[in-house]
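Mapping of the sequence shown onto this note's numbering: residues 14 to 521, in sequence order.
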Amino acid sequence: MRQYFLAAALAACVTAPALEPPVHYSATVAVGASTGDFAPYFIGALSGGRHVRSGEAMLDVAATRDLDTARRFSWGAGAEIIAGAFSADSYRRWDAAAAAWGSRDNRPAPVWIQQLYAELKYRAVYLRAGQKDPSSRLLDESVSSGDLTRSSNARGIPGAEAGFLDFVDIPLTRGWVQIDGAVGYGRFTDDGFKRKQFSYYNFVTTADIWYTYKRCYFRTRPAEPLSLTIGMQAAGQFGGSTSYYWHGRLVSEEHRGFRFSDALKMLLPTEGNGNAFYEGNTVGSWDVKLRYRLRGGHELSVVFMGPWEDGSGIGRLNGFDGLWGVYYHSAASRPALAAAGIEYLDFRNQSGPMHYAPGDLDNPSNTSKASGADNYYNNDTYGSYTNYGMAIATPFLVAPVYNLDGNPFFMHNRARGIHLAARGWLAADWQWSLKYSWQQAWGWGRVASTRSWSDNSAQARVAYDASAWARGLSFDAAVAFDAGSLRGNNFGALVSVSYSGDLTFTKR
């Protein structure tokens, strides 16, 4: 009799219809307020540009279908729309006709598309088209200050990207060496924001700029207690047009447009012509991660990310500059301490304030080179490395969106500081996290300041999963503050209520 029931159960399993990957849906209502011009640093940072303003009441609706990694071929898609009311910030603006300073309010649109994408997978390779929130491949950004090349801080940039879903074994290495990589191109859509934020007095404003991102990592066998990951990320801006202003006067314009040959050149930067030594603006980082697995599966990791803007940075002539982090991750289920991290960040070297390239001049009397003035995340032609004013890389440096004087650059990228963070579980349904950072800054790479600015920022957050009495319902609350001359004195809170669930379908 037992054999009969076992055979019947097995037959039922064999003939049961296969389930498609579920469609996950969610709706979140969030309300935030703060005493300053913007939300505190930790509320706005690494939020995909969602929670930047000092006041907000928003509805965030999303639906996603993830790739099925167990199948050889699979597809996925996602959509997320945000709508609400947001406070405005007043940016200074030069009125050339009146020869006087004025201001203009800038606020997010009442409705915008946060994500909209479709993706395909075949074996270990994916192809994605559309706009999807980015994230770091190496860092757990719940306890990190953020990736130095592409983090989850700003909105995603619409485009196309192809690469490996995860690390894959390199043939003939018997699994001892793996590779991960990606290549993508996109186009910025933040021209309207830049026009409203720019002072039209000094520096540059850009339009129709294109974007590219590449990475290549190698990793030793992850099944071993000790594993090493090493590689490089490279991102870039190219094409489009630039308007140059000096003391309230438009002095020149440059219209580059888009050419397919430019996209090919950005795969491996090559010498350009005119006043551009290389095509486009390329930024990136050297990345190293050493991971050790403790007894019970807990992990300790050490990470170094070294930023670069040109040859001096790639050659690691920027001294101690970079992110130096130590992290812990627990393998237990819902432990009191799930993860923790401590980071030291330094951006003070930048190869010094001088850059002299004799190849840029006609018959120079001095043929020696001085490769410096890297000026992290700023470029004289392509502007700052931002999307809607938010840093595409680390939010640790104060981004242009916070410059109420209308300056479009990172004005305090000569900085150093520390970042501390931890998260865990208070109970089966309660999560907690704490973050703290200290920073000291001395102006920017081209012009070092004779004085320093400092900042202390902190955040406490709790989240409650109320599924026990209302399936799919959850609550989240965070309080944060900034104190100091760099980000100002600011206190704020963000409270959200979410409802989520899954729709499942059978395969016919």
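Note that CB positions come from ideal geometry on N, CA and C, so glycine has one too.
Per DSSP, residue i forms a beta bridge with which residues?
i: R232; result: Q191, T242
i: F303; result: One detail in the question is off: residue 303 reads as Leu in this sequence, not Phe. Answer by DSSP bridge pairing, in chain order: L241, V315.
i: L486; result: Y512
i: V181; result: I192
i: H342; result: E312, A352
i: F409; result: DSSP output for F409 lists no bridge partner at all.
i: G265; result: A small fix is needed here, since residue 265 is Ser in this sequence, not Gly. Paired residue(s): Y257.
i: R474; result: S446, A491
i: S480; result: DSSP lists no partner for S480.
i: G197; result: E174, Y226
i: G437; result: W445
i: W451; result: I431, N469
i: T519; result: L32
I need the DSSP call for residue i, collapsed to helix, strand or coil.
i: Q210; result: helix
i: P320; result: strand
i: D275; result: helix
i: R308; result: helix
i: G205; result: helix
i: I544; result: Within the shown structure, residues of the chain are numbered from 14 to 521, placing residue 544 beyond reach of any answer.
i: V460; result: coil
i: F55; result: helix
i: G285; result: Any reading at G285 must be qualified, since the residue scores a pLDDT of 45, below 50, and its modelled position is unreliable; no value is offered.
i: Y415; result: helix
i: I222; result: coil
i: I355; result: strand
i: G252; result: coil
i: G169; result: coil
i: G326; result: helix
i: V156; result: coil
i: S148; result: coil
i: T41; result: strand
i: G505; result: strand
i: S498; result: coil
i: N469; result: strand
i: F422; result: coil
i: D50; result: strand
i: A137; result: coil
i: L336; result: strand
i: F18; result: Reliability fails at F18, whose pLDDT of 45 lies under 50, so the model's placement of it is uncertain and no value is given.
i: S298; result: strand
Taking the C-alpha atoms as reference points, what is the distance between residue i and residue j?
i: Y213; j: A111; result: 13 Å
i: N286; j: L277; result: Bear in mind that a pLDDT of 40 at N286, under 50, signals an unreliable position, so the model cannot answer this.
i: Y135; j: S60; result: 30 Å
i: F422; j: A370; result: 23 Å
i: P123; j: F251; result: 30 Å
i: K209; j: G458; result: 25 Å
i: E403; j: A46; result: Reading off the sequence shown, one finds Met at residue 403, where the question assumed Glu. Between M403 and A46, the C-alpha separation is close to 19 Å.
i: G97; j: I126; result: 12 Å
i: D468; j: V301; result: 28 Å
i: S509; j: T41; result: 7 Å
i: H425; j: S240; result: 36 Å
i: N288; j: G332; result: A caution first: N288 carries a pLDDT of 45, below 50, which makes its placement in the model unreliable, though a value can still be read off. One C-alpha to the other measures close to 28 Å.
i: G62; j: A440; result: 30 Å
i: G194; j: N388; result: 27 Å
i: A434; j: F271; result: 42 Å
i: R187; j: E93; result: 41 Å
i: G319; j: P413; result: 22 Å
i: D204; j: G176; result: 29 Å
i: R262; j: G57; result: 34 Å
In terms of alpha-carbon separation, which member of the options lies closest to residue i?
i: P184; options: L178, F177, I192; result: I192
i: G505; options: A142, F51, F271; result: F51
i: R78; options: N215, W88, Y258, N426; result: W88
i: E174; options: R163, E132, S164; result: E132
i: G244; options: T399, V44, L303; result: L303
i: T255; options: E267, Q246, E69; result: E267
i: L499; options: Y305, G57, D375, S470; result: S470
i: D118; options: N416, V411, W482, V339; result: N416
i: S229; options: E292, L151, Y341; result: Correcting the residue identity first, residue 229 is Cys in this sequence and not Ser. Closest option to C229, Cα to Cα, is L151.
i: G249; options: G91, W321, V217, N376; result: W321
i: Q363; options: V339, A428, G354; result: A428
i: S511; options: W438, T519, R484; result: R484
I'd like to know whether the C-beta of residue i is nearer than 7 Å to at least one C-beta of chain C.
i: D193; result: Chain labels in this structure do not include chain C; a single protein chain is all it has.
Length-filtered (3 minimum) beta strand (DSSP E) runs lying within the region 58-132: 66-78, 86-99, 102-108, 113-119
Secondary structure, alpha helix (DSSP H): runs of 4+ residues fully inside the region 358-404: none
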